[in-house]
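Asks: Would you mind keeping the following structure in view while I ask a few things?
In this note's numbering, the protein residues as written are 81 to 920.
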């Protein structure tokens, strides 16, 4: 805008210069002087008075008058008229002309007469005219110079402005050029991005479908073509509901689209992948994963669907489910196989071991005794193998539970080794033990598991060593919590080929070694599982022909020695000289029903019972057993589990549910099914206990002593619990309990409360998965005497049974007794409460 104004200004000034031309003005000023001289000259020539000369005067006067009038009136001379000298001179000359005008207009005669005066006046005004010309020329020259300077300045400003404008234009051109380049670059990038997007969409493995808010398809990529079977042209412009939505879901889809168009909520948009069914062009319905997104572009709502065909994955999942089900079925079949095999092996073994037990009680020669002992040893070895298999099954089922607690490590080690010294002596081996490193007596670990590891490793060393030495080292590694157990033997060693798989199940050494040592190859597999359960590591170093060294490293935190109990137990405040009730079977003869389908087993049980003078009735199946139990009152029923027609569990349930004469008779399971879950089921069916096969006479006598001693009705009336009272050994012996009251007097209530607390804690502890059989035995022995003092005979006997089984390592019997204890304890405490209420 500035340039425009300056340009207009220059034009105006140039126009002004063109209007008041300096040359013309100067010429006019000079011409005025010349014309004045001509006028005076004509006046001098007209003094003769002739008419021609007078006309010449008049002509020159008019010319001069016109010229001076221009000076007075012309805009070109306006700036000169502002000058005092020019204005005064102009007025003087104008005054002369005005005075002379009448004379000029007069008659010739009059004019001629006034020539002399006219000349005189002209002479007087001549200086003014000269000054007028000089001032005008000087001023006009100065004005012209000023105007020239102004124009030059204006032109300079215009030039600078033009240069600035040109620079600005160049900068603008550069800027717009840069913008244009950027725009082109962005356009190119947008085109490339669009091309990449289209390439990604077209090459995506998932179907990509873009629709408007009405569901009309606007984009349909190659994967969608392949998945749904429609061509691109067939899909574009069609409604998605008509192409890919199964008919059964069409109404729901249309309802959802209507809800969205009316401003309703989105249910699956931006919710991740949703599993649905879709439809192909051939009408086939198949599973898909749908991820739906929305986009609002320039006020238009679009939906972008990412669809993945998961038919293969669903089939794979179904295959995996089937494989899992088959694996679970396989595990169940395996468990069933183990149970069945245990039963099928234990059943004939029961006949074998039972007959051997009976044979040992007959007169035998020395050779016959040796043979019978050998057979008994072989039978017990076979039982150990069966128990090993069941141990493996329990570990694989994930049932073992650790019970870490403060443990006297030297005691645990010594106990384990002492149990094996007789076995080592028989093979001519010596066992030496050493404790190395910093003294760490009390540690936190599971003592039962540690004993199991040591027993398996040392037993393995004894088995493979003859007339040699077995060294057990317990090494406390300085600066760590790690305890290392090393069991070294001087046996035959292990070959390099066998070392790699020595801890696998059912793996033993070479055939020659096997023939001498035997075994199932499960012991080291059990050690491996226990070590892993304890978070440790194990290994073996061996040289064939020189011996082997097995090592196990387990981290064990230091523990404080448990404080001794501050208060005495109930048993310790009683007169220690007072005799406790004796063990054994009551003298009376019993009437016992044996329900067993195996004839050999029936014969064994009959022979064992007959030797003690008991009466025996036999039933070859469960149905016969139910019939006989309903018709006659028996003191005890021995019930097999697996039988034809009616199994032992169902027979027990029918006996308990009926009103037969033996509906409340103790029923003992006589079975090879000894897994803990089996025992629990038997007890729930109404059985009181389990006698595992093979049956030993001492176990049978123990059961008879536990459940068939006389029981006063006033002490232990029938209860509604799930552990029915048996007519044998009493819950509470009133005479023994009364003697205790008489001995302690007012202290009975305190002792009774202490007994309840101690026994409840013991039973709770026993219900946990604790594997330290020696500690279990010690605790049960400790509290059995307390139960005996209060006359709790059945509870005492159960604790003694657990103690004996723990010392012998008989896991099956321990499991049965531990399962029964909670009910038996509650029944015992209830009976004590009733007795206490009667005494008060």
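C-beta: ideal position from N, C-alpha, C; glycine also.
Please state the DSSP three-state secondary structure of residue 788.
Replies: What you label residue 788 is simply residue 708 of the chain shown in a count that begins at 1. Note: residue 788 maps to coil in three-state DSSP.
Asks: Under the three-state reduction of DSSP, which class applies to residue 120: helix, strand or coil?
Replies: One-based indexing of the chain shown puts residue 120 at position 40. Helix, per DSSP.
Asks: Within this structure, are the beta carbons of residue 880 and residue 839 separated by less than 8 angstroms?
Replies: Here residue 880 refers to the residue found at position 800 when the chain shown is read from its first residue. Here residue 839 refers to the residue found at position 759 when the chain shown is read from its first residue. No; because the gap between Cβ atoms is not below 8 angstroms, this pair is not in contact.
Asks: Suppose you measure from the CA of residue 859 to the CA of residue 409; what does that come to, to the nearest Å?
Replies: Along the chain shown, read from residue 1 onward, the residue named residue 859 stands at position 779. Along the chain shown, read from residue 1 onward, the residue named residue 409 stands at position 329. Using only the alpha carbons, I get a separation of about 40 angstroms.
Asks: Output the residue ranges of the alpha helix (DSSP H) runs that lie fully inside the stretch 516-549 and measure 4 residues or longer, sorted by chain position.
Replies: You should have 527-543.
Asks: Which residue wins for smallest C-alpha separation from residue 369, given the options 149, 389 and 238?
Replies: Within the chain shown, the letter at position 289 stands for residue 369. It is 389.
Asks: Please go through the same chain and pick out, in chain order, the residues whose beta-carbon is closer than 8 angstroms to the beta-carbon of residue 147, but skip the five residues on each side of it.
Replies: Working through the chain shown from its first residue, we reach residue 147 at position 67. Cβ neighbours of residue 147 beyond the five flanking positions: 108, 111, 112 and 115.
Asks: Using 8 angstroms for Cβ pairs, my map puts residue 150 next to residue 219. What's the rounded Cβ distance?
Replies: On the chain shown, residue 150 is found 70 positions in, with the first residue counted as 1. On the chain shown, residue 219 is found 139 positions in, with the first residue counted as 1. Contact flag wrong, Cβ pair sits at about 16 angstroms.
Asks: Report buried or exposed for residue 296, applying the criterion of at least 16 other Cβ atoms within 10 angstroms of its Cβ.
Replies: Looking up residue 296 in the chain shown gives position 216. Exposed.
Asks: Between which two residues does the beta strand (DSSP E) containing residue 770 stretch?
Replies: Along the chain shown, one-based indexing puts residue 770 at 690. Per DSSP, residue 770 belongs to the beta strand (DSSP E) from 769-772.
Asks: Which residues share a DSSP beta bridge with residue 387?
Replies: To locate residue 387, count along the chain shown from 1; it is residue 307. Its beta-bridge partners are 287 and 370.
Asks: Using a 10 Å radius around the Cβ and a threshold of 16 neighbouring Cβ atoms, would you call residue 772 buried or exposed?
Replies: As a first step, residue 772 must be located in the chain shown, where it is residue number 692. Answer is buried; the Cβ neighbour count reaches 16.
Asks: Less than 7 angstroms between C-beta atoms, sequence neighbours within five positions excluded: which residues of the same chain meet that for residue 254?
Replies: Looking up residue 254 in the chain shown gives position 174. Cβ neighbours of residue 254 beyond the five flanking positions: none.
Asks: So, is residue 152 buried or exposed, given that buried needs 16 or more other C-beta atoms within 10 angstroms?
Replies: Locating residue 152 in the chain shown gives position 72, counting from the first residue. Label assigned to residue 152: exposed.
Asks: Helix, strand or coil for residue 298 per DSSP?
Replies: Translated into the one-based positions of the chain shown, residue 298 becomes position 218. It is a strand residue.
Asks: Where does the unbroken alpha helix (DSSP H) through residue 635 begin, and where does it stop?
Replies: Counting from 1 along the chain shown, the entry for residue 635 is found at position 555. Taken as a continuous stretch (DSSP letters only), residue 635 belongs to no alpha helix (DSSP H), being part of the beta strand (DSSP E) at 627-635.
Asks: Kindly indicate the opening and closing residues of the beta strand (DSSP E) around residue 488.
Replies: Reading the chain shown from its first residue, position 408 is the one you call residue 488. That run of the beta strand (DSSP E) goes 485-488.
Asks: Give the straight-line distance between the Cα atoms of residue 647 and residue 834, rounded to the nearest whole angstrom.
Replies: Indexing the chain shown from 1 puts residue 647 at position 567. Indexing the chain shown from 1 puts residue 834 at position 754. For residue 647, the pLDDT reaches just 38, beneath the cut-off of 50, and the residue's location in the model is therefore unreliable, leaving the point undetermined.
Asks: Counting along the chain, where does the alpha helix (DSSP H) carrying residue 141 start and finish?
Replies: For this step, residue 141 is matched to residue 61 along the chain shown. Looking at the DSSP string, the run of the alpha helix (DSSP H) that includes residue 141 is 131-153.
Asks: Rounded to a whole number of angstroms, what is the C-alpha to C-alpha distance between residue 429 and residue 450?
Replies: For the purposes of this step, residue 429 is taken as residue 349 along the chain shown, with counting starting at 1. For the purposes of this step, residue 450 is taken as residue 370 along the chain shown, with counting starting at 1. Taking the straight line joining both Cα atoms gives about 19 angstroms.
Asks: With 16 as the cutoff for other CB atoms within 10 Å, does residue 800 come out buried or exposed?
Replies: As a first step, residue 800 must be located in the chain shown, where it is residue number 720. For residue 800, the predicted model reports a pLDDT of 35, less than 50, meaning its position is unreliable and no value from the coordinates is stated.
Asks: Is it right to say residue 375 is buried, meaning 16 or more other beta carbons lie within 10 angstroms of its own, or is it exposed?
Replies: Here residue 375 refers to the residue found at position 295 when the chain shown is read from its first residue. With fewer than 16 other Cβ atoms within 10 Å, it is exposed.
Asks: Do residue 513 and residue 569 count as a contact pair if the criterion is CB distance below 8 angstroms?
Replies: Taking the chain shown and counting its residues from 1, the one referred to as residue 569 is at position 489. Taking the chain shown and counting its residues from 1, the one referred to as residue 513 is at position 433. No, Cβ-Cβ distance for residue 569 and residue 513 is not below 8 angstroms.
Asks: Between residue 485 and residue 524, which are expected to be in contact by the criterion C-beta below 8 angstroms, what is the C-beta distance as a whole number of angstroms?
Replies: As a working mapping, residue 485 is identified with position 405 in the chain shown. As a working mapping, residue 524 is identified with position 444 in the chain shown. The Cβ separation is near 7 angstroms, so the contact holds.
Asks: Tell me the rounded alpha-carbon separation between residue 188 and residue 134.
Replies: Working through the chain shown from its first residue, we reach residue 188 at position 108. Working through the chain shown from its first residue, we reach residue 134 at position 54. Answer to the nearest angstrom: the Cα atoms are 7 angstroms apart.
Asks: To which residues does DSSP link residue 704 through a beta bridge?
Replies: Reading the chain shown from its first residue, position 624 is the one you call residue 704. In the DSSP output, where bridge partners are listed per residue, residue 704 has none listed.
Asks: Checking the sheet assignment: what are the DSSP bridge partners for residue 581?
Replies: As a first step, residue 581 is located in the chain shown; it is residue number 501 there, counting from the start. Paired residues: none, contrary to the question.
Asks: Which residues does DSSP list as the beta-bridge partners of residue 604?
Replies: Reading the chain shown from its first residue, position 524 is the one you call residue 604. DSSP lists no partner for residue 604.
Asks: Report buried or exposed for residue 248, applying the criterion of at least 16 other Cβ atoms within 10 angstroms of its Cβ.
Replies: The residue you call residue 248 lines up with position 168 of the chain shown. Burial call: exposed.
Asks: Evaluate contact between the stretch 547-555 and the stretch 499-515, counting only Cβ atoms and requiring at least three cross-stretch pairs below 8 angstroms.
Replies: As far as the Cβ criterion goes, the stretch 547-555 touches the stretch 499-515, which means the pair count is three or higher.
Asks: Which residues in the same chain as residue 711 place their Cβ atom closer than 6 angstroms to its Cβ, once the five residues preceding and following it in sequence are excluded?
Replies: What you label residue 711 is simply residue 631 of the chain shown in a count that begins at 1. So no residue of the chain qualifies.
Asks: For residue 605 and residue 583, which I take to be in contact (beta-carbon distance under 8 angstroms), what is that distance rounded to the nearest angstrom?
Replies: On the chain shown, residue 605 is found 525 positions in, with the first residue counted as 1. On the chain shown, residue 583 is found 503 positions in, with the first residue counted as 1. That belief holds up - the Cβ atoms of residue 605 and residue 583 are roughly 6 angstroms apart, short of 8 angstroms.
Asks: Would you say the stretch 671-679 touches the stretch 718-731, given that touching needs at least three Cβ pairs under 8 angstroms?
Replies: Yes, they touch.
Asks: Quick check on residue 608: buried or exposed, where buried means 16 or more other Cβ atoms within 10 Å of its Cβ?
Replies: Translated into the one-based positions of the chain shown, residue 608 becomes position 528. The residue is buried, with at least 16 neighbouring Cβ atoms inside 10 Å.
Asks: Could you have a look at residue 514 and say whether DSSP puts it in helix, strand or coil?
Replies: Position 434 of the chain shown holds residue 514. In the structure shown, residue 514 sits in a strand (DSSP, three-state: E or B).
Asks: Out of 852, 314, 874 and 813, state which residue places its alpha-carbon closest to the alpha-carbon of residue 885.
Replies: Here residue 885 refers to the residue found at position 805 when the chain shown is read from its first residue. If we check each option's Cα against that of residue 885, 852 comes out closest.
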